[in-house]
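In the order they appear, the protein sequences are chains A and B.
Under my numbering, the letters of the first sequence match residues 1 to 334, in that order.
Under my numbering, the letters of the second sequence match residues 335 to 631, in that order.
By construction, the Cβ of each residue, glycine as well, lies at the ideal position given by its N, Cα and C atoms.
Given the structure is predicted, the values throughout are model-derived calculations rather than measurements.
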Amino acid sequence: MRISRKHVVFIILFLIGLTGPLFQSIVYPVFLMKIWCYALFACAFNLLLGYAGLLSFGHAAFLGSAAYFAGNLMMDYGSTWMTPEVAVIIATLWAALLGLVFGWLAIRRHGIYFAMVTLALAQFIYFLALQMPQFTHGEDGLQGVPRGMFLGLFNLAPDSHMYYFVYGVFVIGFWLTYRTIHSPFGQVLRAIRENEPRAVSLGYHVNRYKLLVFVISAALSGMAGATKTLVFQLASLSDVHWHASGEVVLMTLLGGMGTVWGPVVGAAFVVSLQNYLGVVGSWVTVVTGVIFVLCVLVFRRGIVGEIIEVTRRVRKGRQGADAGATPARSSSSP
Amino acid sequence: MAVFQWLGISPFGLMAQLLLGLINGSFYAILSLGLAIIFGLLNVINFTHGTLYMMGAYIAWVLLTHFGVNYWWALLLCPLIVGIIGMLIERFLLRRLYQLDHIYGLLLTFGLALVIEGLFINWFGVSGDNYDVPSQLSGGARLSFMYLPYYRIWVIAISLLVCFATWYVIERTRLGSYLRAATENPRLVQAFGINVPLMLTLTFGYGVALAALAGVLAAPVQAITPVMGANTIIVVFAVVVIGGMGSIMGAIVSGIVLGIIEGLTKVFYPVGSAVVIFVIMAIVLLLRPGGLFGRER
């Protein structure tokens, strides 16, 4: 395989990520881990919205229920045989299964109806979580979830150890989304997003593609949720609440939907915002909403989308070409 | 009565829940009607609908507790105030998005819903407030099989009246014919000299005024909290998916019927009452993906 400039950039970024625990005096490792978890969540969501054009308003169901799953597994069996990676894998499989059911129901409708169906199905999960206190511990949530021993060998209780586990999970998840986007499968998804009837007429089983991408997205969201439980040692109702579904939409939109790095940037931005706005308490919702509105009105390309657009214009200008028509939606990836 | 004993439920309980279901159904009907009108003309799913419903209830409460304005004036003023707010939202925010994919309308109204909900939580807290039933409608009739509070009868009557009046205006009058024509082909209607942008603004205003009306009606029967709107609107979304938004009557009927089903579930299988509408939605999606009265666009 030829090493291109893109590979070098990826490797450098990967190495920078590895240095996270060195900056403990500046940023909390837990804060960085939270960013990785939400970045993975947003990448999974972006796969669906940005590349297949499916707006799900119910991704909290996957994040939250996988969080409960992993939490229960670690609390019940963590002291005996359950290891964190197995808990994450089982919770991911659970999310994939749930995604299969949700996707199977939701892809029967299009556009806005799809969003409403996923929202309603996620609310169904929320009510189930409320009504199963033996599984979810109701308003308290699962508290004090043990982080366990990775592979039965490495204790994840210290944050610096946990950091590498979370980072590993993120890199695997990110790599999976990247491979999905840049595969023939990903190309078909884009074709469906741009013109579904044409994709059908070309002989693609559109619903099968939609279902598969929904399942992948749900599974990765579950992986993020399960990992998040280990980080905070907590699984709570707020993870299955529709606010969480809205948050991931915002992260993707703000970072730039349909771009590879957009969700990561958006997640980092939103998590930092929540962290530093913590002092103003309940105003966080208002600020989040205002950013949401601004994004939709004037900043639809998102941060990364805007950067791509500017770079392209600069390049065009350098070539002396006329910077004329710009496409409505930037689908190119860096 | 033997049947009731056999089922292990009291007829009083059954009738009370049936009435409660009918009331919730009336709210669902008004809200889904508003959503359907707005969606029909503007192609926007209005996420703020629930929040504006909550706002209607709170404005009524503020008017009463701080300004001494009674229920009857609130019934008139709240829809007016919220309608104006809605028209401002349409004129200055939503209008910019008509050329884009429909999902942007949903995302914009979602953001607005967060803003409004957040503001109300800051102002009023999450504990909730109570609104007294107006004196003219307090009390009730003691029938042989149940106790019938007058206020609940009033809510059901006024809701049905508003729903059917709206249906009549849209389906049977000249104004309604413009509206239906603009739903089919706005450019052609505009070419005939009808001010379509104004019509869009007024339609949105009317739709959210309906939501506010439901809010005022709900104020004396429910605890007023900032999150009441979001919780209701998600159920109404499911109602809309079940009914389909193709027909006005479909929105009304499915709202009322699903409210009653929810009420009955509370009697026969209480733990299922919170999720029964979502389960029905899943079944409808399997059997009739387009919705019961649907004509998907």
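Proximity test, Cβ basis, 9 Å: residue i and chain A
i        : result
B:PHE538 : no
B:GLY584 : no
B:PHE571 : yes
B:MET615 : yes
B:HIS436 : yes
B:GLY462 : no
B:VAL609 : yes
B:PHE612 : yes
B:PHE444 : yes
B:LEU376 : no
B:GLU451 : yes
B:PHE373 : yes
B:ASN456 : yes
B:ALA408 : no
B:LEU626 : no
B:LEU619 : yes
Where residue i falls: helix, strand or coil (DSSP)
i        : result
B:TYR362 : helix
A:LEU234 : strand
A:ALA60  : helix
B:ARG476 : strand
B:ASP463 : strand
A:GLN143 : strand
B:TYR481 : strand
A:MET257 : coil
B:PHE627 : coil
B:PHE526 : coil
A:PHE150 : strand
A:ASN275 : helix
CB contact flag (residue i, residue j, <9 Å)
i        : j        : result
A:ALA267 : A:ALA95  : no
B:LEU386 : B:GLY589 : no
A:TYR167 : A:GLY17  : yes
A:ALA61  : A:PHE127 : no
B:MET480 : B:LEU353 : yes
A:GLY225 : A:ALA70  : yes
B:VAL558 : B:ALA391 : Checking the displayed sequence, the identity of residue 558 of chain B turns out to be Ile instead of Val. The answer is yes: Cβ separation under 9 Å.
A:GLU247 : A:TYR38  : yes
A:VAL231 : A:MET33  : yes
B:GLY578 : B:GLY625 : yes
A:VAL284 : A:GLN274 : yes
B:ASN358 : B:GLY541 : no
Nearest-angstrom Cα separation, counted from residue j out to residue i
i        : j        : result
B:THR316 : B:MET615 : It is not possible to answer for residue 316 of chain B, since the shown part of chain B is limited to 335 through 631.
A:ILE107 : A:TYR209 : 10 Å
A:ARG179 : A:LEU202 : 24 Å
A:VAL249 : B:SER344 : 47 Å
A:CYS43  : B:GLY584 : 39 Å
B:LEU536 : B:ASN377 : 15 Å
B:LEU411 : A:ILE192 : 48 Å
A:VAL296 : B:PHE426 : 13 Å
A:THR259 : B:LEU365 : 37 Å
B:GLY402 : B:TYR465 : 12 Å
B:LEU434 : B:ALA350 : 47 Å
A:GLY20  : A:MET162 : 11 Å
A:SER330 : A:VAL304 : A caution first: A:SER330 carries a pLDDT of 43, below 50, which makes its placement in the model unreliable, though a value can still be read off. Straight-line Cα distance between these residues: approximately 10 Å.
B:VAL496 : A:PHE41  : 44 Å
A:SER79  : A:VAL145 : 11 Å
B:ILE418 : B:GLY539 : 6 Å
A:LEU142 : A:LEU237 : 9 Å
A:LEU121 : B:ALA525 : 43 Å
B:LEU431 : B:PRO483 : 46 Å
B:GLY420 : A:GLN233 : 43 Å
C-beta neighbour in chain B for residue i, strict 9 Å
i        : result
A:ALA120 : yes
A:ALA106 : yes
A:ILE112 : yes
A:LEU237 : no
A:HIS205 : no
A:MET116 : yes
A:VAL213 : no
A:HIS243 : yes
A:ILE291 : yes
A:PHE135 : no
A:THR285 : yes
Uninterrupted alpha helix (DSSP H) stretches inside the region 533-616 of chain B (no shorter than 4 residues):
Those alpha helix (DSSP H) runs which fall completely within the region 533-616 of chain B and span 4+ residues are 562-577, 582-602.
Give, in chain order, every unbroken run of the alpha helix (DSSP H) that is at least 4 residues long and sits entirely within the region 52-140 of chain A.
List check, alpha helix (DSSP H) in window: 60-77, 84-106, 111-131, 133-136.
Secondary structure, alpha helix (DSSP H): runs of 4+ residues fully inside the region 153-211 of chain A
Complete alpha helix (DSSP H) runs here, min 4: 159-181, 184-194, 196-201.
Enumerate, from N- to C-terminal direction, the unbroken alpha helix (DSSP H) stretches of 4 or more residues contained entirely within the region 405-436 of chain B.
For the region 405-436 of chain B, whole alpha helix (DSSP H) runs of length 4 or above, ordered along the chain, are 405-426.
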